[in-house]
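Following: one structure in structure tokens, then a few remarks.
2 protein chains.
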Amino acid sequence: MKSSVSRTAVPFTDVKFIDNFWAPRLEANRSVTLPACFQQCEDTHRIRNFEVAGGLTEGAFEGIYFNDSDVYKVIEGAAYTLALQPDPELDAYLDKLIEKITAAQQEDGYLNTYYTLVEPDKRWTDLPVRHELYCAGHLFEAAVAHYRATGKRNLLDIAIRFADHIDQVFGEGRLVGVPGHEEIELALVKLYEVTGEERYLNLARFFIDKRGYSERDYCQDHIPIREQSEIVGHAVRAMYLYAGVADIAAYTGDKALFAAMDRIWEDVTQRKMYITGGIGPSAHNEGFTVPYDLPNDSAYAETCAAIGMVLWNQRMFLLHGEAKYVDVLEQTLYNGLISGISLSGDRFFYVNPLGSRGEHHRQPWYGCACCPTNVVRFIPQVNEYLYATSSDTLWVNLYAGSEAKVTVSGQEIKLVQETDYPWSGSVKLTIHPVVPTSFNINLRIPGWCDHAALELNGQGIEPPPGENGYYQIWREWRSGDTIQLDMPMPIRRIAANPRVQADVGRIALQRGPIVYCLEGTDNSGAVRDIALPRDRELEAHLESDLLGGVMVITGKALRPQPVEWSGKLYRPVSTDREIPITAIPYYAWDHREAGEMVVWLPETTALAEQETPE
Amino acid sequence: MKSSVSRTAVPFTDVKFIDNFWAPRLEANRSVTLPACFQQCEDTHRIRNFEVAGGLTEGAFEGIYFNDSDVYKVIEGAAYTLALQPDPELDAYLDKLIEKITAAQQEDGYLNTYYTLVEPDKRWTDLPVRHELYCAGHLFEAAVAHYRATGKRNLLDIAIRFADHIDQVFGEGRLVGVPGHEEIELALVKLYEVTGEERYLNLARFFIDKRGYSERDYCQDHIPIREQSEIVGHAVRAMYLYAGVADIAAYTGDKALFAAMDRIWEDVTQRKMYITGGIGPSAHNEGFTVPYDLPNDSAYAETCAAIGMVLWNQRMFLLHGEAKYVDVLEQTLYNGLISGISLSGDRFFYVNPLGSRGEHHRQPWYGCACCPTNVVRFIPQVNEYLYATSSDTLWVNLYAGSEAKVTVSGQEIKLVQETDYPWSGSVKLTIHPVVPTSFNINLRIPGWCDHAALELNGQGIEPPPGENGYYQIWREWRSGDTIQLDMPMPIRRIAANPRVQADVGRIALQRGPIVYCLEGTDNSGAVRDIALPRDRELEAHLESDLLGGVMVITGKALRPQPVEWSGKLYRPVSTDREIPITAIPYYAWDHREAGEMVVWLPETTALAEQETPE
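Line by line, the protein sequences are chains A and B. Here the first sequence stands for residues 6 to 619, where the numbers follow the working numbering. Here the second sequence stands for residues 6 to 619, where the numbers follow the working numbering.
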């Protein structure tokens with residue numbers, strides 16, 4: 006059993022966006038991304054592999070050995086989508102697809118089209134590389150989502166049969182091994198949560214306990230998790246693993262796991278995270294390098310890793326009830342995560358650099374399609390991060406125009422949030438209990454907010470002493486009670502720790518949770534020579550017709566006169582020209598004319614000049 | 006014979022400072038540095054080694070194997086001093102000292118107290134390391150200076166005997182080898198110039214031609230000089246070598262040597278020279294590393310190397326007649342060279358960093374005493390760099406209050422310069438030919454001066470078209486003719502080539518030829534966190550009582566509020582405080598309360614912060 010003091014997320018089925026920020030994104034995901042991803046899965050024969058493995062179609066396996074996972078991830082996204090908006094056609098399509106998966110499942114429950122079609126005798130012989138358990142995990146997540154969204158068991162039963170099979174293969178006295186790409190751990194916990202079958206929880210714990218006895222730091226398998234203190238290796242794998250570990254910690258109360266999670270969280274958030282929330286700077290290992298190594302142009306910062314960062318930080322919040330985890334979740338969500346998908350929903354970044362000379366663009370698909378299929382399953386679950394509950398407390402974590410239904414102190418409460426977040430920090434929360442009900446409302450005060458003002462039913466009140474980053478209000482709530490929270494959103498110049506060599510002498514602009522960038526198209530075609538001295542004033546205004554409606558930042562900055570350094574070692578500083586600049590949200594770059602982009606602006610043109618020579 | 010188009014320096018015997026900048030330095034050198042250096046040579050038994058080798062005293066060799074050279078260098082300095090100011094006591098002391106050297110010279114002319122006393126059978130067996138030829142070169146330089154200053158042959162005859170011996174030992178068909186530490190090449194040319202003995206010139210050429218057939222780039226012996234393009238290895242050795250090479254090029258017109266000198270000069274001045282004129286960034290090899298590697302705190306920039314830089318650039322000017330060589334000479338002279346000696350004349354820097362945390366101070370002497378004994382011989386020859394002549398042209402290279410006697414177009418001309426240079430760029434030159442004489446006066450317009458105004462006998466004239474960095478005025482000069490040259494001296498912010506990583510985002514202050522620094526004692530004890538944004542105004546004023554009278558620069562700059570970065574990866578920029586600053590000439594630092602010093606000031610406090618963590 007989970008500890009009674011821990012928190013539970015209010016599920017995606019019970020929260021609905023009614024805003025101009027998230028609602029259009031969920032709609033683009035439903036109407037564009039989802040069909041596009043299914044079409045790609047058809048066109049690339051990812052789905053046909055199931056037909057062939059099931060004997061429904063003649064043919065051979067095609068593609069990469071972990072392609073099954075993409076199909077499962079798109080199904081998971083479709084399930085969330087169905088929960089928010091009934092769609093008989095999609096429902097029927099899923100049922101037909103599940104029939105193909107059913108056919109591909111072997112008599113003993115085993116399910117992996119690559120092994121079944123290519124190396125049927127080699128099952129479970131190459132755990133570090135071949136991703137059978139990773140694919141199984143995505144099947145379980147899809148099955149749980151489909152069951153929760155539709156109540157149907159057709160996919161869930163496949164998952165249960167496969168999970169039972171894995172549970173018979175792996176274990177003490179049987180096969181002892183761990184997956185090269187983690188994922189099954191958190192998925193088994195989900196499967197346990199809908200089935201109540203403790204074997205799945207124990208199997209997840211088995212995969213966590215047996216980790217750390219190889220040399221492979223690439224997949225966090227170098228030392229036992231309870232002894233780990235530094236984040237290493239492949240960033241997505243690390244995130245999936247630690248999300249699963251946090252789940253297990255929640256159910257077991259294992260203090261050594263708690264402590265390891267806390268150490269690793271400090272390492273990544275204090276030394277190895279981009280200001281966008283992106284993680285994993287290096288393309289070499291798709292992952293981590295050394296502390297403070299955060300190059301901008303060559304940042305890898307995979308979209309999947311940002312998604313993993315949200316998954317893990319949500320669980321860390323649920324464990325600890327501290328706003329700092331939601332701060333990281335929000336920073337990632339609004340910047341380095343949604344940058345991964347175009348506003349139209351049909352183009353994806355695999356990597357998310359913080360600077361570009363103009364040659365980095367979103368693509369409709371990738372041979373290794375993990376990012377598109379991660380986006381399509383992530384976007385429709387964003388609503389699950391707004392609220393959480395514990396016995397007598399409602400936790401308000403994210404602010405967005407929305408309606409929700411939650412249960413606190415045993416009573417069902419309807420909640421309405423009205424806000425233009427993330428462009429405005431003004432939030433009105435209206436509470437509608439069925440009967441007057443006493444409980445806490447914990448309002449998260451974001452780390453970027455120095456002081457928020459509060460009104461209760463129109464009366465200004467002294468913000469109650471915050472704890473762990475929350476304002477806490479206890480009272481007997483009656484239907485129609487309102488809370489008005491005002492979080493000022495000045496434009497903030499952010500500096501990086503001086504140990505981050507790439508950002509020395511530079512600042513990034515942030516307003517509310519949104520990190521900004523400069524794109525060439527708004528700034529005479531070139532942005533990499535622009536300096537923004539600290540004393541130049543900036544202002545923000547909403548551009549409703551730009552990029553789906555964004556708050557832009559404008560002001561004056563400096564551009565150096567061209568300097569000829571050839572054959573010169575010293576020369577008088579060049580004169581600078583004052584120029585107007587326009588900054589847009591980082592997530593929205595690369596939607597217009599291709600060109601340069603920067604996030605970290607130098608404060609002197611002398612630093613801008615530095616970029617030119619190679 | 007030297008080419009007829011080449012130039013000849015007006016010798017130290019014919020130029021006398023009458024200013025407040027150089028005259029006090031020469032006086033301190035005469036009255037303090039010179040006796041202190043002789044005393045050190047006595048106390049450390051450098052002089053006693055000659056007595057022992059000559060059988061005048063019982064004992065053994067003491068000290069380092071190249072200690073003879075220090076005695077010769079102090080004698081050289083004493084000789085220049087005698088020429089400027091008769092001193093019977095010093096004259097007599099020198100004669101007694103020369104008696105000891107005479108005694109130490111062997112029957113065959115060989116002279117080296119280390120080998121005579123320690124390894125008499127090993128002469129010339131360790132040329133790369135043991136510095137016999139280096140010591141011989143310093144003997145020759147001392148002897149030539151003593152002869153020119155006093156007309157006495159007692160030291161010159163010793164030098165001639167030793168040179169003849171070396172000429173019998175080395176040569177084609179005899180011993181073929183080159184010294185590990187160059188020096189003898191330029192010294193043999195000097196000996197040739199006073200004796201007319203061509204064997205000495207040929208021997209110098211031999212040592213140059215035989216260079217480049219070992220693996221030793223440490224002493225520029227890795228490839229033949231005519232094929233060299235990059236400056237490498239020990240900085241002092243390189244300077245002494247190339248000074249000798251320039252001399253040989255002047256006498257031989259060897260185009261391959263000219264071309265090599267030009268390539269190497271570009272390499273050092275465009276890629277490997279500090280703004281102070283200092284060279285050789287690394288303590289490891291007391292020399293050069295890779296292009297643009299110019300760290301400030303750890304700069305080696307040996308005082309001897311700065312002296313060598315002046316020696317070489319003077320010869321490059323004499324070869325080419327271009328002001329750019331004198332620009333480098335002047336930059337070095339007024340900054341990274343005279344920083345090597347205290348104003349009082351009794352303390353020396355061996356290395357001259359461009360930044361300090363407060364732990365670098367001048368010392369009264371060093372075990373390896375090359376720098377003190379180089380300073381004592383260099384300061385009283387500075388007057389030799391003011392003027393040069395070619396057949397019908399007077400070259401005015403440095404500006405300083407002075408009187409001189411030169412011969413141009415066959416006539417003796419008296420010159421009087423009145424100026425407060427380097428604090429003012431206003432120079433009045435009065436010309437007194439014995440009879441009216443037609444010749445060119447070439448006035449050097451320093452590289453730091455954008456436009457100079459000119460008056461002839463009180464009438465403004467359009468500056469004549471400059472050539473090679475000079476204004477040229479041809480006329481029949483009559484006694485009392487005056488030239489008034491006005492070179493404005495604004496405070497200049499200098500940037501380094503962006504490839505110089507150490508100076509990125511930073512500027513140095515320069516006014517006229519003087520590079521400035523900030524010292525803690527003038528700036529509330531700390532200077533390494535001060536930033537000087539480009540738009541802050543600065544002004545200069547003369548402080549007559551400070552540091553012997555210096556122009557200081559004052560203005561407003563920024564200092565950041567203290568920032569706590571522990572456990573933080575990103576945070577809003579700190580606010581800055583505007584503070585007053587005072588900058589003093591770099592050469593004059595470390596004369597007062599010990600403390601921090603910086604030359605390169607960041608333009609944003611974000612860069613200042615960068616220095617703090619390690």
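Note that CB positions come from ideal geometry on N, CA and C, so glycine has one too. Only a predicted model underlies this, so the values are computations on that prediction, with no experimental measurement involved.
Any Cβ of chain A within less than 8 angstroms of the Cβ of B:Gln-275?
For the purposes of this step, residue 275 of chain B is taken as residue 270 along the second sequence, with counting starting at 1. Interface residue, yes.
Inspect the beta-carbon positions of B:Thr-635 and B:Val-315 and report whether they are closer than 8 angstroms.
Given that chain B is displayed from residue 6 to residue 619, the structure contains no residue 635 of chain B and the question cannot be resolved.
In terms of alpha-carbon separation, which member of B:Met-602, B:Tyr-297, B:Tyr-256 lies closest to B:Leu-324?
On the second sequence, position 319 is the one that residue 324 of chain B refers to. The option with the nearest alpha carbon to B:Leu-324 is B:Tyr-256.
Touch check for the segment 262 to 279 of chain A and the segment 203 to 212 of chain A: three-plus C-beta pairs under 8 angstroms?
Contact between the segment 262 to 279 of chain A and the segment 203 to 212 of chain A is absent, with fewer than three C-beta pairs closer than 8 angstroms.
Among B:Cys-140, B:Asp-397, B:Ser-431, B:Arg-511, nearest to B:Asn-502 - alpha-carbon criterion:
The residue labelled residue 502 of chain B in the question sits at position 497 within the second sequence. Looking at the Cα atoms, B:Arg-511 is the closest of the given residues.
Using a C-beta cutoff of 8 angstroms, does A:Gly-510 count as contacting chain B?
In the first sequence, residue 510 of chain A corresponds to position 505, counting from 1. Yes, A:Gly-510 counts as interfacial toward chain B.
Let me check understanding here. Comparing Cα to Cα, which of B:Arg-516, B:Ile-52, B:Ala-148, B:Leu-31 lies closest to B:Pro-385?
Stepping through the second sequence from its first residue, residue 385 of chain B is reached at position 380. Ranking the options by Cα distance to B:Pro-385, first place goes to B:Leu-31.
For the segment 115 to 187 of chain B, list the alpha helix (DSSP H) runs that are entirely contained and at least 4 residues long, ordered along the chain.
Taking only runs of at least 4 residues, the alpha helix (DSSP H) segments lying wholly in the segment 115 to 187 of chain B are 118 to 122, 132 to 135, 137 to 155, 159 to 174.
Taking the alpha carbon of B:Glu-598 as the point to measure from, which residue in B:Glu-202, B:Gly-363, B:Glu-104, B:Ala-109 has its own alpha carbon closest?
As a first step, residue 598 of chain B must be located in the second sequence, where it is residue number 593. Per the Cα distances, B:Gly-363.
Throw me the rounded Cβ distance for the A:Glu-327 and A:Gly-474 pair, which I believe falls under 8 angstroms.
Residue numbering aside, residue 327 of chain A sits at position 322 when the first sequence is read from its first letter. Residue numbering aside, residue 474 of chain A sits at position 469 when the first sequence is read from its first letter. The Cβ separation is near 6 angstroms, so the contact holds.
B:Leu-612 versus chain A: which residues are under 7 angstroms apart at the beta carbon?
Taking the first residue of the second sequence as 1, we reach residue 612 of chain B at position 607. Against chain A, the beta carbon of B:Leu-612 has neighbours under 7 angstroms at Val-509, Gly-510, listed in chain order.
Checking 8 angstroms against the spacing of the C-beta atoms, do A:Ile-80 and A:Ala-154 come in under that value?
The residue given as residue 80 of chain A occupies position 75 in the first sequence. The residue given as residue 154 of chain A occupies position 149 in the first sequence. No; because the gap between Cβ atoms is not below 8 angstroms, this pair is not in contact.
Would you mind stating whether B:Asp-540 and B:Pro-565 have Cβ atoms separated by less than 8 angstroms?
On the second sequence, residue 540 of chain B is found 535 positions in, with the first residue counted as 1. On the second sequence, residue 565 of chain B is found 560 positions in, with the first residue counted as 1. No; because the gap between Cβ atoms is not below 8 angstroms, this pair is not in contact.
3 or more residues per run - each beta strand (DSSP E) lying fully within the segment 514 to 564 of chain A:
519 to 524, 543 to 548
Contacting residues, own chain, Cβ-Cβ under 7 angstroms from B:His-50 (five flanking each side not counted)
As a first step, residue 50 of chain B is located in the second sequence; it is residue number 45 there, counting from the start. Cβ neighbours of B:His-50 beyond the five flanking positions: Glu-67, Gly-68.
Closest to A:Leu-547 by C-alpha separation, out of A:Ala-311, A:Asp-425, A:Lys-157, A:Gly-572, would be which residue?
Counted from its first residue, the first sequence places residue 547 of chain A at position 542. That would be A:Asp-425, whose Cα lies nearest to the Cα of A:Leu-547.
Buried or exposed for A:Trp-270, please, with buried defined as at least 16 other CB atoms from any protein chain shown within 10 angstroms of its CB.
Position 265 of the first sequence holds residue 270 of chain A. Result: buried.
Would you list, in chain order, the members of the segment 474 to 504 of chain A that have their beta-carbon closer than 7 angstroms to a beta-carbon of chain B?
Arg-497, Arg-498, Ile-499, Ala-500, Ala-501, Asn-502, Pro-503, Arg-504
Sequence-distant residues of the same chain with beta carbon closer than 6 angstroms to B:Thr-18, five excluded per side:
Start at 1 with the first residue of the second sequence, and residue 18 of chain B comes out as number 13. Around B:Thr-18: Ala-88.
Should A:Trp-479 go down as buried or exposed, given a rule of 16 or more other Cβ atoms within 10 Å for buried?
The residue you call residue 479 of chain A lines up with position 474 of the first sequence. When all chains shown are included, A:Trp-479 counts as exposed.
Give the range of the alpha helix (DSSP H) segment to which A:Gln-336 is assigned.
As a first step, residue 336 of chain A must be located in the first sequence, where it is residue number 331. Residues 328 to 336.
Could you pull the DSSP bridge partners for B:Thr-398 from this structure?
In the second sequence, residue 398 of chain B corresponds to position 393, counting from 1. DSSP, once it has assigned bridges, lists B:Ser-395, B:Asn-445 as partnering B:Thr-398.
Do you know whose CA, among B:Asp-491, B:Pro-441, B:Lys-157, lies nearest B:Val-430's CA?
One-based indexing of the second sequence puts residue 430 of chain B at position 425. In the sequence as presented, Val is not what sits at residue 430 of chain B; that position holds Gly. Of B:Asp-491, B:Pro-441, B:Lys-157, the residue nearest in Cα terms is B:Asp-491.
Would DSSP call A:Thr-49 helix, strand or coil?
Looking up residue 49 of chain A in the first sequence gives position 44. If DSSP states are grouped into helix, strand and coil, A:Thr-49 belongs with coil.
So with Cβ pairs under 8 angstroms, would you call B:Leu-574 a contact of chain A?
Position 569 of the second sequence, counted from the first residue, corresponds to residue 574 of chain B. Yes, B:Leu-574 lies at the interface with chain A (some Cβ there is under 8 angstroms from its Cβ).
Just curious, the beta strand (DSSP E) that B:Ile-478 is in, first and last residue?
Within the second sequence, the letter at position 473 stands for residue 478 of chain B. First-last of the beta strand (DSSP E) with B:Ile-478: 475 to 482.
Measuring alpha carbon to alpha carbon, tell me which residue in B:Gly-463, B:Ala-458, B:Tyr-205 is nearest B:Pro-470.
Taking the second sequence and counting its residues from 1, one reaches residue 470 of chain B at position 465. The candidate whose alpha carbon is nearest that of B:Pro-470 is B:Ala-458.
Since B:Asp-581 meets chain A, which of its residues come closer than 8 angstroms, beta carbon to beta carbon?
Locating residue 581 of chain B in the second sequence gives position 576, counting from the first residue. Here the neighbours are Arg-539.
If you count every other CB in all the chains shown that lies within 10 Å of the CB of B:Tyr-218, and 16 or more means buried, which is it?
Within the second sequence, residue 218 of chain B is the residue found at index 213, counting from 1. Residue environment: B:Tyr-218 is assigned as exposed (fewer than 16 neighbouring CB atoms within 10 Å of its CB, all protein chains considered).
Please determine, among A:Gln-477, A:Ser-347, A:Ala-14, A:Arg-35, the residue with the shortest C-alpha to C-alpha distance to A:Ile-446.
In the first sequence, residue 446 of chain A corresponds to position 441, counting from 1. Ranking A:Gln-477, A:Ser-347, A:Ala-14, A:Arg-35 by Cα distance to A:Ile-446 puts A:Gln-477 first.
Are any of the Cβ atoms in chain A nearer than 8 angstroms to that of B:Trp-605?
Position 600 of the second sequence, counting from 1, holds the residue named residue 605 of chain B. Answer no: the Cβ-Cβ gap between B:Trp-605 and chain A never drops below 8 angstroms.
How long is the line joining the alpha carbons of A:Arg-179 and A:Asp-172, rounded to whole angstroms?
Your numbering for residue 179 of chain A matches position 174 in the first sequence. Your numbering for residue 172 of chain A matches position 167 in the first sequence. Cα-Cα distance, rounded: 10 angstroms.
CB contact below 8 angstroms: B:Trp-317 versus chain A
What you label residue 317 of chain B is simply residue 312 of the second sequence in a count that begins at 1. So no, B:Trp-317 is outside the interface.
Alpha carbon of B:Glu-619 to alpha carbon of B:Asp-595, nearest angstrom:
Against the second sequence, residue 619 of chain B aligns to sequence position 614. Against the second sequence, residue 595 of chain B aligns to sequence position 590. Interpretation of B:Glu-619 is limited by its pLDDT of 32, a score under 50 that renders its predicted location unreliable; the figure taken from the coordinates is listed afterwards. B:Asp-595 has its alpha-carbon roughly 25 angstroms from the corresponding atom of B:Glu-619.
Residue range of the unbroken alpha helix (DSSP H) whose run includes B:Val-421:
On the second sequence, residue 421 of chain B is found 416 positions in, with the first residue counted as 1. Element bounds for B:Val-421: not the alpha helix (DSSP H) but the beta strand (DSSP E), 416 to 424.
Tell me where the alpha helix (DSSP H) around B:Pro-29 begins and ends.
Position 24 of the second sequence, counted from the first residue, corresponds to residue 29 of chain B. Where B:Pro-29 is concerned, the enclosing alpha helix (DSSP H) stretches over 27 to 33.
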